[in-house]
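Just so you know, the protein sequences line up as chains S and W, in that order. For the first sequence, position 5 (counting from the first letter as 1) is numbered 117 according to the working numbering, and the numbering increases by one without interruption. For the second sequence, position 137 (counting from the first letter as 1) is numbered 249 according to the working numbering, and the numbering increases by one without interruption. Using N, Cα and C, we set each Cβ at its ideal position, and we do this for glycine too. What you are looking at is a predicted structure, and each value in this text was computed from that prediction instead of being measured. Shown next, in structure tokens, is the structure this report addresses.
2 protein chains.
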Amino acid sequence: MNARSNSGSSPLLLIENQLCFALYTTSRAITKQYSILLKDLGVTYPQYLALLVLWERDGLLVQEIARALELDGATATPILQRMEKLGLVTRKRSAEDERRVQVYLTQKGRSLYDRALEVPYELGRATGLNEQIAKRIIKQMNTIKKHLAAQNRNAAGL
Amino acid sequence: MNARSNSGSSPLLLIENQLCFALYTTSRAITKQYSILLKDLGVTYPQYLALLVLWERDGLLVQEIARALELDGATATPILQRMEKLGLVTRKRSAEDERRVQVYLTQKGRSLYDRALEVPYELGRATGLNEQIAKRIIKQMNTIKKHLAAQNRNAAGL
DNA sequence: TCATAATGATTAGTGTACTAAATAATAGCT
DNA sequence: AGCTATTATTTAGTACACTAATCATTATGA
Numbered sequence: 113m114n115a116r117s118n119s120g121s122s123p124l125l126l127i128e129n130q131l132c133f134a135l136y137t138t139s140r141a142i143t144k145q146y147s148i149l150l151k152d153l154g155v156t157y158p159q160y161l162a163l164l165v166l167w168e169r170d171g172l173l174v175q176e177i178a179r180a181l182e183l184d185g186a187t188a189t190p191i192l193q194r195m196e197k198l199g200l201v202t203r204k205r206s207a208e209d210e211r212r213v214q215v216y217l218t219q220k221g222r223s224l225y226d227r228a229l230e231v232p233y234e235l236g237r238a239t240g241l242n243e244q245i246a247k248r249i250i251k252q253m254n255t256i257k258k259h260l261a262a263q264n265r266n267a268a269g270l
Numbered sequence: 113m114n115a116r117s118n119s120g121s122s123p124l125l126l127i128e129n130q131l132c133f134a135l136y137t138t139s140r141a142i143t144k145q146y147s148i149l150l151k152d153l154g155v156t157y158p159q160y161l162a163l164l165v166l167w168e169r170d171g172l173l174v175q176e177i178a179r180a181l182e183l184d185g186a187t188a189t190p191i192l193q194r195m196e197k198l199g200l201v202t203r204k205r206s207a208e209d210e211r212r213v214q215v216y217l218t219q220k221g222r223s224l225y226d227r228a229l230e231v232p233y234e235l236g237r238a239t240g241l242n243e244q245i246a247k248r249i250i251k252q253m254n255t256i257k258k259h260l261a262a263q264n265r266n267a268a269g270l
């Protein structure tokens, strides 16, 4: 049974709309919770994500950070500029290739690491899901994203 | 096993961070897909959601629409103002209570209904999940939101 | 080689989202 | 009635996110 066969019910209640709406509102609720937990650190959720990848590997390109966060470069740039203004990172044009900009953690950026370790722990308690269910949801989210990407690849290929 | 006991692995890989990140990126991917499907209608995803609730019941207050979309009133107002500029709705101060603003669909707003019915159908194909799994995810998202709300109620009560 | 394409980053412009503060009107209380 | 608290909406200010366009630099290929 697909959505079309369900035309008697209201569009608000169609399962596809419900699922997307649930993800939309839950994602916002989580981001809000992160902003509470990250207030002490003085960073936002996307900034925290950028820190996570830089703590993994320093000196990444703007593009690499954007790809890791699944963000457009045009979104990553202003985030990293704000982080530079906060004194968390520095941005340097690469010498070999002047197009590239590498992002490095400052001492201050590195210093947030220890306090940041507490964040996912506190947030994990807040979501109230066990690890097994969380893993299943992560897999299903990846399924959705893969499906959407394939859909758009086909649409672009026409 | 909680996050703390997992202190050997990187913070990026902690299950809580992974879950939240998956929801964050998937929600954005879905919104992007909606924006493609809604381009013909000339509305954004939040505007589409507002239309859904108004098609259910016309003349709702700004606050009621905000609550239905789980948005702050301060976010709903500019969305509805843009929709008014697009000629989709009109906003009228209530006569009995001058604080209240009621939102009504215009003829143009009503006329989008038929085309909008196709949207969740096309999006459902795009996500690639069956109804049963979708329903389970919706339930789990509600669990997370309830948990977060309870957490914050307790924090406020201290 | 040199015109052209591709790449990496940024800027411009629009539309959310959020908190906090302002505004205006109504409700409640004494 | 008049003071105070509450309610509904809006405005102000900050920070994403997205598309499209721009700019500089590097890669390419006839």
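CB residue i to CB residue j, shorter than 8 Å?
{"i": "residue 135 of chain S", "j": "residue 139 of chain W", "result": "yes"}
{"i": "residue 227 of chain S", "j": "residue 170 of chain S", "result": "no"}
{"i": "residue 174 of chain S", "j": "residue 187 of chain S", "result": "no"}
{"i": "residue 146 of chain S", "j": "residue 235 of chain S", "result": "yes"}
{"i": "residue 217 of chain S", "j": "residue 161 of chain S", "result": "no"}
{"i": "residue 177 of chain W", "j": "residue 132 of chain S", "result": "no"}
{"i": "residue 257 of chain S", "j": "residue 137 of chain W", "result": "yes"}
{"i": "residue 250 of chain W", "j": "residue 130 of chain S", "result": "yes"}
{"i": "residue 241 of chain W", "j": "residue 252 of chain S", "result": "yes"}
{"i": "residue 192 of chain W", "j": "residue 215 of chain W", "result": "yes"}
Specify the secondary structure class of residue i as computed by DSSP and reduced to three states.
{"i": "residue 153 of chain W", "result": "coil"}
{"i": "residue 118 of chain W", "result": "Unreliable placement is indicated for residue 118 of chain W, whose pLDDT of 47 sits below 50; the coordinate value is still reported in the next sentence. The answer is helix: DSSP assigns residue 118 of chain W an H, G or I state."}
{"i": "residue 229 of chain W", "result": "coil"}
{"i": "residue 217 of chain S", "result": "strand"}
{"i": "residue 254 of chain W", "result": "helix"}
{"i": "residue 236 of chain S", "result": "helix"}
{"i": "residue 126 of chain S", "result": "coil"}
{"i": "residue 109 of chain W", "result": "With chain W running from 113 to 270 in the structure shown, residue 109 of chain W is simply not present."}
{"i": "residue 113 of chain S", "result": "With a pLDDT of only 39 at residue 113 of chain S, under the threshold of 50, the placement of this residue in the model should not be trusted; the figure read from the coordinates follows. The answer is coil: DSSP assigns residue 113 of chain S none of H, G, I, E or B."}
{"i": "residue 242 of chain S", "result": "coil"}
{"i": "residue 224 of chain W", "result": "coil"}
Closer than 6 Å by C-beta to residue i: which residues in its own chain qualify, once you throw out the five before and the five after it? Chain order, please.
{"i": "residue 163 of chain W", "result": "none"}
{"i": "residue 225 of chain S", "result": "167"}
{"i": "residue 211 of chain W", "result": "none"}
{"i": "residue 195 of chain S", "result": "159, 201"}
Short of 7 Å in beta carbon distance, which residues of its chain neighbour residue i, apart from the five on each side in sequence? Order them along the chain.
{"i": "residue 239 of chain W", "result": "none"}
{"i": "residue 115 of chain S", "result": "For residue 115 of chain S, the predicted model reports a pLDDT of 41, less than 50, meaning its position is unreliable; a value from the coordinates is still stated below. If we look at residue 115 of chain S and ignore the five residues flanking it on each side, its Cβ neighbours are 126, 128."}
{"i": "residue 220 of chain S", "result": "199, 200"}
{"i": "residue 149 of chain S", "result": "231, 234, 235"}
{"i": "residue 246 of chain S", "result": "none"}
{"i": "residue 248 of chain S", "result": "none"}
{"i": "residue 118 of chain W", "result": "A caution first: residue 118 of chain W carries a pLDDT of 47, below 50, which makes its placement in the model too unreliable to give a value."}
Counting only the same chain and skipping the five closest in sequence on each side, list residues whose C-beta sits under 8 Å from that of residue i.
{"i": "residue 213 of chain W", "result": "173, 174, 203, 204, 205, 206"}
{"i": "residue 113 of chain W", "result": "With a pLDDT of 40 at residue 113 of chain W, under the threshold of 50, the modelled position of that residue is not reliable, and the figure given next carries that caveat. Result list for residue 113 of chain W: empty, nothing under 8 Å."}
{"i": "residue 181 of chain W", "result": "158, 161, 162, 165, 188"}
{"i": "residue 185 of chain W", "result": "174, 175, 178"}
{"i": "residue 261 of chain W", "result": "none"}
Exercise. In chain order, which beta strand (DSSP E) runs of at least 3 residues are fully inside the stretch 163-215 of chain S?
Worked result: Taking 3 residues as the minimum length, the beta strand (DSSP E) runs contained wholly in the stretch 163-215 of chain S are 201-205, in order along the chain.
Exercise. If you measure beta-carbon to beta-carbon, which residues of the stretch 233-247 of chain S are closer than 8 Å to chain W?
Worked result: Listed in sequence order: 233, 235, 236, 237, 238, 239, 240, 241, 243, 245, 246, 247.
For this session: Check each residue of the stretch 194-209 of chain S: if its Cβ is closer than 9 Å to any Cβ of chain W, include it; give the result in chain order.
Result: Per Cβ criterion, the list is empty.
Problem set entry | Residues within the stretch 128-144 of chain S neighbouring chain W, beta-carbon criterion of under 9 Å | Those residues of the stretch 128-144 of chain S placed with their C-beta closer than 9 Å to a C-beta in chain W are 128, 129, 130, 131, 132, 133, 134, 135, 136, 137, 138, 139, 140, 141, 142, 143, 144, ordered along the chain.
Exercise. Which residues, in chain order, does the stretch 176-189 of chain W contribute to contact with chain S at a C-beta distance below 7 Å?
Worked result: Within the stretch 176-189 of chain W, the residues whose Cβ lies closer than 7 Å to some Cβ of chain S are 182, listed in chain order.
For this session: Compile a chain-ordered list of the residues in the stretch 252-264 of chain W whose CB is closer than 9 Å to at least one CB of chain S.
Result: Cβ contacts with chain S: 252, 253, 254, 255, 256, 257, 258, 259, 260, 261, 262, 263, 264.
Problem set entry | the stretch 157-169 of chain S: positions lying closer than 8 Å to chain W by Cβ | Residues are counted here when their Cβ sits less than 8 Å from a Cβ of chain W; for the stretch 157-169 of chain S these are 157, 161, 164, 165, 167, 168, given in chain order.
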